[in-house]
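Below is one structure; the comments refer to it alone.
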Amino acid sequence: MSRDNILYRVRTALGRSAGQAVDDAPPVRIRIPLVDREARIAGMIARVEALAGLACCAADPRAVVARAIAGKTAVASNAPYLSECGITSLPGVRSGITGLEELRSLCASCDVGITSADYALADTGTLVMLASPREARLVSLLPPAHIAVVPRERILTGLDELFSILPRPAEQTSSMVLITGPSRTADIEQILVRGVHGPGQISVVIV
Amino acid sequence: MSIEFDAKIHATLEDANLQLAIYTATGRLKEKRIEAVSSEALPDYQELRTQANAIKKHAIENLDHYLEEFERNVEARGGKVAYCKDATEVSDFVLSIAKERGSRLIVKSKSMTTEEVDLNERLEHHGLESVETDLGEYILQLAHEKPYHIVAPALHKTRYDVAGIFTNSLHVPTETVPEKQTAIARAVLRQKFLDADIGISGANFLVADSGAVVLVENEGNARLTTTAPKIHIAVAGIEKVIPRAQDLVTFLKLLARSATGQLLSVYTSFLAGPRRPGEVDGPDEFYVVLLDNGRTKLLPDRTKRQSLYCIRCGACLNTCPVYRKIGGHSFPWVYSGPIGAIITPQFMGVSHEPGLPFASSLCGACGEVCPVKIDIPRVLLELRSDVKKSEAREKQNRLERLAFRVYAWLMTHPRLYEMAGRIGASMAPDSEGGWIRNVPAPMNLPPVRAWLSQRDLPPSPNKSFREMWRQR
Amino acid sequence: MAMAGVLERLGYQVDFPEEQTCCGQPAFNSGYRSEARIVARHFLKTFESCERIVVPSGSCTAMVTHHFAELFHKEPETLARVHDLEHRIWEFSTFLTEVAGVEDVGARLDDVVTFHDGCHALRELGIRSAPRRLLAKVRGLELREMAPAEECCGFGGTFAVKFAELSGAMARTKLEAIARTGANTVVSLDPSCLMQIQGALSRAGSSIRTLHLAEVLASR
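Written as C-alpha cells, this is what we have:
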C-alpha cells in the first residue's frame with residue numbers, strides 16, 4: 278500500500294530510520310498578556326464592531342435578544358446558559374433539538390441562530406464554539422443571522438490564552454470553530470460582500 | 003524559456019484591463035498585509051516568523067514521525083487516513099468511497115492540493131457531480147478555468163465576466179451587481195450543501211498531536227462542506243503537518259495577516275474526527291488523504307526542502323513585481339508566483355519550464371514577506387544552477403555557456419578586460435552624450451536588441467574610468 | 064570618480080587596484096557557478112590585501128558578503144579568506160555613515176530628488192536610512208519619497224534582457240512612481256538600477272535625470 282512506500286521515501290530522503298526518535302520540537306510559544314476584565318469586554322466589543330458585527334453588554338440579555346428577533350423565526354442551541362438567561366422561552370424561538378433532520382430543516386429555514394459560546398477572544402473579536410450536545414454546528418452557520426450570548430467570564434485575551442487553557446481541543450470535541458465576524462468574500466473585483474454562506478449578520482451579547 | 007511561457011507572459015502584458023486588475027487586487031492585499039504586520043499592529047511579527055520557521059523545519063525534518071503520530075490520532079478518534087502517492091490514487095480513493103455509499107453529489111471547499119491532482123475532472127469523468135463552493139472557485143468551475151491566485155482565485159474576472167458566466171451556465175437573467183451575483187451563487191450552493199453526500203476539503207494544517215485538520219476561510223463554505231454531508235474527506239499534502247495544536251497560536255497569527263491583512267480569517271475550523279456521541283450534527287465518517295505527488299522529491303535537498311514550509315498565504319504573490327505583471331495563468335502549473343516558481347521545477351523537473359527560475363529579478367521581496375521565512379531567492383538561485391547543469395548535460399544552450407566562459411576568462415585578464423571595454427566604446431555610435439536608441443549591425447546582438455526593445459542604452463564615455471584615474 | 068573625491072575629502076587615501084574586473088554576479092545569477100567561482104577567486108586575490116574596500120554598488124557588495132560563501136562552501140581555506148574579506152568591504156553610503164561616521168560631507172545640490180532603493184542594498188544589506196541621512200545634509204536638496212517605495216526597477220541582471228518586455232513593464236511602473244513625486248532627479252546606490260531607470264526615462268523622452276549617490280555627495 279502507498280502508506281509504507283511513502284513513509285519509506287520520506288525516511289530515506291531525510292536520512293531517518295523507522296521508529297527513530299525525534300529531538301524536542303521548538304518550545305511552544307505562548308505569551309498571555311495581562312488584560313483586566315473591563316478592558317477585555319471593551320476590546321471584544323470594539324473588534325466585533327470593527328468587523329461590522331453588533332456587540333453590546335447587557336444585564337438583561339433576554340430583552341436584547343427579544344428586540345433583535347422580533348418578528349423573526351429563530352433556532353437556539355441547547356446551551357444551558359441560554360435557558361438560564363430565559364432566551365429559549367422567548368416567542369419564536371425553537372430549541373431543545375436533538376434530531377439531526379429537524380436541526381437541519383430548522384437551521385435552513387430560520388432567520389436567526391442563537392447560541393452561547395465556549396469562549397471569546399478579545400483581541401480579535403472572536404467567538405470560540407466547540408461542538409457538543411449543547412452546541413450544534415449548524416446553528417451558527419446556516420441561518421443568515423447569528424446571535425451569541427456570552428457570559429463575561431468567558432472572554433479571554435486571545436489565542437495564546439485559549440490554547441493555554443485548551444491545549445488539546447481534540448479531547449473535548451470533534452469541531453472547534455473560531456468565528457471572527459460575519460461571513461464575507463471579496464472574490465468579485467475585490468468588492469466586499471457579506472453573508473456568502475455563513476451568517477451575514479453577527480451579534481454578540483456580553484452578559 | 004519555452005515558447006508557451008514567453009507567449010503567455012506577452013499576452014498578459016499586452017492586456018491593459020488584466021494588468022490593471024492584477025495590479026490593483028494584489029496592491030490592495032499587499033497594503034493590507036503591511037498594515038496588519040506593522041510594529042504597532044503586531045509587535046512580535048519577526049519573532050513569530052522565526053518561531054514558525056523553526057516549527058516547520060522541525061516538522062519537515064521529522065516528517066515520518068509526525069505523519070505517523072497524526073495517523074494514530076486520527077484513527078483513535080474514529081477517522082481514517084489514506085496515503086496516496088499521486089492523482090490517480092486520490093481519485094480512486096474518493097471514487098471507492100462514493101461507490102460504496104452510492105454517492106452522487108460532492109461539495110468541495112477551496113483546496114490547491116485538489117487542483118494539483120485535477121480531482122474534479124477525474125470525479126466528473128466517473129459520473130459524479132463535484133461542485134466548488136468557494137465563490138471564486140465556483141465561478142471558475144463554471145468557466146472551466148484554473149485559479150489565478152492562491153487566495154483570490156478569480157481576481158482576473160470582472161463583474162461583467164461573472165454575469166456572462168452565470169447567465170450561460172445557470173440560465174439566470176444577466177446580473178452585474180456583485181452582491182446580487184453572490185446571492186445567486188449562495189442560493190444555488192446552499193441546496194448543494196444540504197443535498198451532498200460527500201464534502202471534500204483541503205487542509206491548511208494537519209495537527210499531529212490531535213489528529214485534526216485545520217481549515218481557514220472567510221465564506222463559511224468550508225464549514226458547510228465539512229458539516230452538512232455525512233462524509234468528510236480532507237485532502238492535504240504531507241508537508242502540512244505541524245506537531246502540536248498549540249503551534250496554531252503562532253501560525254494563525256501569521257496566516258490571515260499575511261494573506262489579506264485580517265487579524266484572523268472569519269472561520270477557523272479545527273476538526274478532529276467524525277462527530278462524537280451526543281453531538282447532533284457533523285459528519286459520520288472522517289477521512290484524511292495524505293498526498294505525496296512528488297513532495298518526497300523535495301525532501302532530500304537541505305536547502306531546497308524549505309520550499310515545503312509554505313502555508314499558502316499568497317503574500318509572496320501579492321508582493322512580487324513579476325507576478326503583479328504576468329499574473330497566475332502565465333505560470334505552467336497550478337501554483338503561481340514566487341512559491342510556484344520554486345516548487346514547480348522541483349516537482350516537474352527543471353526541464354519542464356527551464357525559464358521559470360529566471361523569471362525573477364531576484365528583488366527579494368518574497369523572502370521578506372514570507373511568514374515562515376522561506377528563502378525563496380536562495381532557492382531560485384539554486385534552481386538556476388540546476389537548470390544550467392542540466393543544459394550542460396543535455397548539450398543545450400551552448401552559446402550562452404560559451405559566452406559565460408569567455409566572460410570568466412576575460413574577467414581574470416584585467417588588461418584584456420580593459421581592451422575589450424575600449425573596443426566596445428569605440429564601436430558604439432557617437433551620440434554626443436545622449437542615450438542611444440539604435441546600434442550598428444555588429445553590435446546588434448540578441449541581448450543588445452532585447453535591451454533596446456524597452457529602453458535606451460547609455461552613451462559610451464569619452465574616457466574610461468581607468469583612463470581618468472590614471473590622469474589624476 | 065565622484066566616490067573617490069568624496070572619500071579623499073574626508074581624509075582617506077583612495078587606491079584603485081587595477082587588477083579588478085568583476086565580482087562574478089552575472090555568472091552566479093545566471094546559474095553558472097563554476098564560472099562565477101573563477102571570477103570570484105580573482106576578486107579575492109585582487110582585494111584581500113586591502114585594508115578596506117568601498118563599493119559604489121549594493122548588488123556587488125551583496126554578492127561578496129552574501130554569496131561568496133555559498134560559492135566556496137566546499138573549500139575551507141578559501142572560505143576563511145572570504146569570511147575575512149566580508150568584514151572589510153562596505154557599500155559606499157554605509158561606509159560613510161558607519162565607518163567614517165559622517166552624514167554631512169559638505170555637498171550642495173539645488174534640486175528636487177527622489178531616492179530609489181535598489182533591492183540588493185535594501186534587502187540583502189539592510190540599507191535604508193544611511194543614504195537618506197546623507198541626502199538630508201546636502202544643502203539645497205529636497206528629497207521626496209516614492210509611493211509605493213521599495214519596488215524593484217526591473218533590472219535583475221540578465222533578467223533585463225531575457226525577459227525584456229517584463230523588465231520594461233516593471234521599469235515603466237517605476238517611472239510612474241517617480242513622476243508622482245515631481246522630482247527632477249532620481250538618486251540610487253546602484254549603477255545597474257540607474258542604467259535601467261535612465262534607459263527607460265530616455266526612451267520615454269523624459270527630462271528627468273539619474274545620479275549616483277556619490278555624484279550627489281560630490282556636488283558642491
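Chains as they are written, first to last, in this note's numbering: chain G, 278 to 484; chain X, 3 to 474; chain Z, 64 to 283. We put the beta carbon where it would ideally sit given N, CA and C, even for glycine. These figures come from a predicted structure and were not determined experimentally.
Alpha carbon of residue i to alpha carbon of residue j, nearest angstrom
i	j	result
G:Pro476	X:Leu265	19 Å
X:Val83	X:Asp199	19 Å
Z:Arg266	Z:Glu228	14 Å
Z:Thr141	Z:Glu208	42 Å
Z:Pro139	Z:His146	10 Å
X:His128	X:Tyr409	57 Å
X:Ala405	X:Tyr25	36 Å
X:Phe467	Z:Met64	7 Å
Z:Ala223	G:Arg324	47 Å
G:Ser393	G:Val481	9 Å
X:Asp432	Z:Leu252	28 Å
X:Val352	Z:Gly94	12 Å
G:Asn355	G:Arg411	4 Å
Z:Leu188	Z:His150	13 Å
X:Gln456	Z:Ser230	8 Å
X:Arg51	X:Val216	19 Å
Residue i burial status per 10 Å Cβ neighbour count (16 or more: buried)
i	result
X:Met421	exposed
Z:Glu98	buried
Z:Cys113	exposed
G:Tyr285	exposed
Z:Thr84	buried
X:Val179	exposed
X:Pro356	buried
X:Thr305	exposed
Z:Asp173	exposed
X:Pro175	exposed
X:Lys448	Here residue 448 of chain X turns out to be Pro, not Lys, going by the sequence shown. Exposed: under 16 other Cβ atoms inside 10 Å.
X:Ala43	exposed
Z:Arg115	exposed
G:Asp313	exposed
Reference residue i, options the options, closest by Cα
i	options	result
X:Val374	X:Asp120, X:Gln143 and X:Cys318	X:Cys318
G:Pro421	X:Asp388, X:Ala189 and X:Thr116	X:Ala189
X:Asn55	X:Cys372, X:Glu177 and X:Ala367	X:Cys372
X:Ser387	X:Pro347, X:Val109 and X:Ala27	X:Pro347
Z:Asn247	Z:Thr236, Z:Gln261 and Z:Pro254	Z:Gln261
X:Met3	X:Ser362, X:Pro431 and X:Gly426	X:Ser362
X:Gly435	X:Asn464, X:Leu15 and X:Arg424	X:Asn464
G:Ala332	G:Leu415, G:Pro303, G:Ile468 and G:Leu404	G:Leu404
Z:His179	Z:Val249, Z:Glu111 and Z:Ser282	Z:Val249
G:Ile432	G:Asp400, G:Ala413, G:Ala290 and G:Gly292	G:Asp400
X:Arg2	X:Cys365, X:Ala224 and X:Lys390	This structure gives no information on residue 2 of chain X, because the portion of chain X shown stretches from 3 to 474.
Z:Glu214	X:Pro149, X:Pro276 and X:Gly29	X:Gly29
G:Ser451	X:Pro340, X:Glu77 and X:Glu181	X:Glu77
X:Ala247	G:Ala298, G:Arg306, G:Ser279 and G:Ala385	G:Arg306
Z:Thr244	Z:Met258, Z:Ile271 and Z:Gly219	Z:Ile271
TODO: Could you list the residues in the segment 32–58 of chain X with a C-beta less than 7 Å from some C-beta on chain G, going in chain order?
DONE: Gln53, Ala56 and Ile57
TODO: Just list the alpha helix (DSSP H) runs in the segment 114–193 of chain X, keeping only unbroken ones of 4 residues or longer that don't cross its boundaries, in chain order.
DONE: 114–118, 121–127, 137–145 and 161–172
Task: Secondary structure, alpha helix (DSSP H): runs of 4+ residues fully inside the segment 316–392 of chain X - done: 317–321, 325–328, 339–350 and 367–371
Open item on the list: Counting only Cβ-Cβ distances shorter than 8 Å, please list the residues of the segment 461–481 of chain G near chain X, keeping chain order.
Closed with: Arg461, Thr462, Ala463, Asp464, Ile465, Glu466, Gln467, Ile468, Val470, Gly472, Val473, His474, Gly475 and Pro476
- [ ] Within the segment 198–264 of chain Z, note down every full beta strand (DSSP E) run reaching 3 residues or more, in order along the chain.
- [x] 202–206 and 248–251
Task: Runs of alpha helix (DSSP H) wholly within the segment 385–465 of chain X (minimum 4 residues, chain order) - done: 400–413, 416–429 and 448–454
- [ ] Give, in chain order, every unbroken run of the alpha helix (DSSP H) that is at least 4 residues long and sits entirely within the segment 309–346 of chain G.
- [x] 314–327 and 338–345
Task: Contacting positions in the segment 258–270 of chain Z - beta carbon closer than 8 Å to chain X - done: Met258, Gln259, Gln261, Gly262, Ala263, Ser265 and Arg266
Task: Contact residues within the segment 128–160 of chain Z, judged by C-beta distance below 9 Å to chain X - done: Residues His130 and Glu133.
Open item on the list: Which complete beta strand (DSSP E) runs does the segment 408–474 of chain G hold, if anything under 3 residues is left out?
Closed with: 422–427 and 452–456
Task: Members of the segment 410–444 of chain X that neighbour chain Z once the beta carbon cut-off is set at 7 Å - done: Ala410, Met413, Thr414, Pro416, Tyr419 and Trp437
- [ ] Note down, in chain order, all residues in the segment 121–146 of chain X with a beta-carbon under 8 Å from any beta-carbon belonging to chain G.
- [x] Thr135, Asp136, Leu137, Gly138 and Ile141
Task: Minimum length 3: unbroken beta strand (DSSP E) runs contained in the segment 280–305 of chain G - done: none
Task: Contacting positions in the segment 308–335 of chain X - beta carbon closer than 8 Å to chain Z - done: Pro323, Val324, Lys327 and Ile328
- [ ] Could you run through the segment 221–235 of chain Z and flag, in chain order, every residue whose CB is less than 8 Å away from some CB of chain X?
- [x] Thr221, Phe222, Ala223, Val224, Lys225, Phe226, Ala227, Glu228, Leu229, Ser230, Gly231, Ala232, Met233 and Ala234
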